[in-house]
Amino acid sequence: MFPSLAHRPWQVFCRVSWRHKASFPQPQCLGWQTGNAFSFWVSPPDCRVASLIAGKVQYYSTSGNGKDEPPKSPSDTTEKATAKSGTPTAGSPLKGLTKLETIQVKVRAVLKKREYGTKYTQNNFITAVRAMNEFCLKPSDLEQLRKIRRRSPHDDTEAFTVFLRSDVEAKALDVWGSQEALTRERNLRKEVEREYQENIFRSQQLLKEYKDFWGNTKPRSGQRATFLQGPGKVVMVAICINGLNFFFKLLAWVYTGSASMFSEAIHSLADTCNQALLALGISQSIRNPDAVHPYGFSNMRYIASLISGVGIFMMGAGLSWYHGIMGLLHPAPIESLLWAYCILAGSLVSEGATLLVAINEIKRSAHQHGLSFYEYVMQSRDPSTNVVLLEDTAAVLGVILAAGCMGLTSLTGNPYYDSLGSLGVGTLLGTVSAFLIYTNTEALLGRSIQAERVQKLTEFLENDPAVRAIHDVKATDMGLSKVRFKAEVDFDGRVVTRSYLEKQDIDQILIDIQQVKTPEDLENFMLKHGENIIDTLGAEVDRLEKELKERNPEVRHVDLEIL
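Structure below.
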């Protein structure tokens, strides 16, 4: 019997059972496909089993021919004779068994490899919008089709209706008559869409020209509110004060010819230009995300601050060094410095006032984020306010340095002290610009948030019953207190399955299981519930993302990848 099983050339599922002919335990062996071979073991409980029991083999074909008998062969005749007589033949391997033995039999694969063709791809879902766009249908054409409710991938929307792609394709052929007519209609609509886009472009150009001629009357209340509070207010105050300081310092340099006063005038001009650039960055950063920039424009503040740092280095530090070196090489007598001292005193008061505004704003923001003043500045959480803070700090120190060097020149009559003061102001500006360039470059490269906050987010996910482990966690600061969180999540399949079963009718599932008689029934049962379990897993991902955002408002974008 067993040699005939070992050489079966066709694909079967084999079940071997032993019939009683004596009062011995009844062993049963079941097997299934493993790779290209099928293995099972039979362990007779006693040597007498060979002479007291007979084998019965049942074959189930999956080749689709509907026959349950194997191909005829000489060994089959011997096997049938053995089964009828109830006694093994002389060639049977069971003859002469004197001890407990294990028999290993290998049978070929049970099921054929499934070929996935149009039978499966036609079960794909398609939304109503895609059905109307791709198959040129109207809403009334979709009313007669089968509707399926599916889970929405978005937190703020409920379940939506989809259709089977095969139904939509059949309806399109019914409406248009043939595939060629449908293709012609698609091409015609593409041409109309292209002309529509061209008309939109022309209309936008005309609207731009109209605004340029009559002025843009679009309300800017949102931008105005931005510049009346927070970093916007600090930047606007700094622009006004530094603009006035530049004007008066320039007049004092023209009157006295002092190199230090020239450096201070250039310093105030650089501050005014840079802060105007910061104001532009703030106005751009509050723009809403669009299709080209899906994560918004919050990094515009860092970009503006980076350009500001480069501008301070080139315009402020560069010109101050140049004028100081020229003063050392070609010293010139200095006129009365009385007016210069008065202007420097006024500049010290105004720059100090702007510095206090920036310090108060940073203290308030640092307290909101739970950081110290030093940590908030070093991490460049608010680049615009940081630039104002550092520029005004440099301005106050520069005024003190310039006044000291001018005082030494007045007392000694030596113009070299004034030139050294210009070099000192240039060095101060170079240091500030280097710090701004470094901190804003780090922010633009995608800096991670503090380790404590990352640990807090990770612990929240790990404490969820549906999560077994978290891997590859990344939490990136996107600017303006926005965080993007990404992690790979290893879900517990048992918890997800239980979550699915809690929403099902268990009695109905048991009835469905009892109705499974063939491999086709088993496949349909598994496909139905497997698809629903995958939807449950997606719902678990949505739930975690929603709860993570609710508990941590600074987290705006969450990407959870399923392992």
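In my numbering, the protein residues as written are 5 to 567. For glycine and all other residues, C-beta sits at the position ideal for the given N, C-alpha and C. A quick note: this is a predicted structure, and the numbers were derived from the prediction, not measured.
What is the DSSP secondary structure of ILE290, counted as helix, strand or coil?
Reduced to three states, the DSSP call for ILE290 is coil.
Could you please give me the residues that DSSP links to LEU490 through a beta bridge?
The question names Leu, yet the displayed sequence has Lys at residue 490. Bridge partners of LYS490: LYS478, ASP563.
Reference ASN249; option with closest CA among ALA274, THR260, PRO235
ALA274
On the premise that GLU558 lies in contact with LYS478, defined as a C-beta separation below 8 Å, what is that separation, rounded to the nearest angstrom?
Incorrect: roughly 15 Å between the Cβ atoms, too far for contact.
Report the partner residues of VAL353 according to the DSSP bridge assignment.
Answer by DSSP bridge pairing: none, since VAL353 is not bridged.
Are the C-beta atoms of LEU484 and some chain D residue less than 8 Å apart?
Considering every chain present, this structure includes no chain D. It has just one protein chain.
How far does the beta strand (DSSP E) with PHE167 in it extend, from its first residue to its last?
DSSP places PHE167 in the uninterrupted beta strand (DSSP E) bounded by 164-168.
Can you give me the Cβ contacts of THR501 inside the same chain, cut-off strictly under 7 Å, excluding the 5 residues immediately before and after it?
These residues qualify, in order along the chain: ILE537.
CA-to-CA distance, GLU379 to PHE129, given in whole angstroms:
Distance between the alpha carbons of PHE129 and GLU379 is about 51 Å.
Tell me THR131's beta-bridge partners as DSSP assigns them.
VAL166
Work out the CA separation of GLU544 and SER170 for me, nearest whole Å.
Each residue's alpha carbon lies about 30 Å from the other.
Measure the CB-CB distance between SER264 and ALA406 and report whether it falls below 8 Å.
yes
Looking at ASN278 and ILE316, is the spacing between their C-beta atoms short of 8 Å?
Result yes, Cβ atoms of ILE316 and ASN278 sit closer than 8 Å.
Roughly how many angstroms lie between the CA atoms of ALA269 and ASN467, to the nearest whole one?
60 Å
Closest residue to PRO337 among ILE513, TYR420, GLY322, CYS140 (Cα-Cα distance)
TYR420
Kindly indicate the opening and closing residues of the alpha helix (DSSP H) around ARG555.
Its alpha helix (DSSP H) spans residues 523-555.
Would you report the Cα separation of TYR299 and GLN201, rounded to the nearest angstrom?
25 Å
For VAL493, tell me which candidate among SER272, LEU564, ARG153, LEU484 has the shortest Cα-Cα distance.
LEU564
For LEU484 and LYS550, the rounded distance between their alpha carbons:
21 Å
Using a threshold of 8 Å, state whether the C-beta atoms of GLY350 and LEU424 are closer than that.
Note that the C-beta distance between GLY350 and LEU424 is not below 8 Å.
Given a threshold of 16 other Cβ atoms within 10 Å of its Cβ, counted over all protein chains shown, does ILE474 qualify as buried or as exposed?
buried
Using the beta-carbon count (16 or more within 10 Å), is HIS371 buried or exposed?
Under a 10 Å Cβ-count criterion, HIS371 is classified as exposed, with fewer than 16 other Cβ atoms of the shown protein chains found around its own Cβ.
Flag this pair as yes or no: are the beta carbons of VAL391 and SER309 separated by less than 8 Å?
yes
Alpha helix (DSSP H) containing ARG502: first to last residue?
Note, ARG502: alpha helix (DSSP H), 497-505.
Please look up how many angstroms separate the CB atoms of ALA256 and ILE347, rounded, as I've assumed it's under 8 Å.
So it is a contact: roughly 4 Å between Cβ atoms.
Considering only DSSP beta bridges, list what ARG150 is partnered with.
DSSP lists no partner for ARG150.
Report yes or no: do the segment 519-526 and the segment 451-460 share at least 3 C-beta pairs separated by less than 8 Å?
No, the segment 519-526 is not in contact with the segment 451-460.
If SER384 and THR443 are in contact, beta carbons under 8 Å, what's the gap, nearest whole angstrom?
4 Å
Counting along the chain, where does the alpha helix (DSSP H) carrying ILE404 start and finish?
387-416
Are the segment 233-240 and the segment 202-212 touching, with three or more C-beta to C-beta distances below 8 Å?
In this structure the segment 233-240 does not lie against the segment 202-212, because fewer than three pairs of beta carbons, one per stretch, are closer than 8 Å.
If you draw a straight line from the C-alpha of CYS244 to the C-alpha of LEU412, how long is it?
31 Å
Grouping DSSP H, G and I as helix and E and B as strand, with all else coil, what is ARG206?
helix
For VAL196, count the other beta carbons within 10 Å of its own beta carbon; 16 or more makes it buried, fewer makes it exposed. Which is it?
The residue is exposed, with fewer than 16 neighbouring Cβ atoms inside 10 Å.
Report the three-state DSSP secondary structure of SER384 (helix, strand or coil).
SER384 falls in the coil class under three-state DSSP.
Drop a sphere of 10 angstroms on the beta-carbon of SER289, count the other beta-carbons inside from all chains shown, and report buried for 16 or more, exposed for fewer.
buried
Is DSSP giving VAL172 helix, strand or coil here?
If DSSP states are grouped into helix, strand and coil, VAL172 belongs with the helices.
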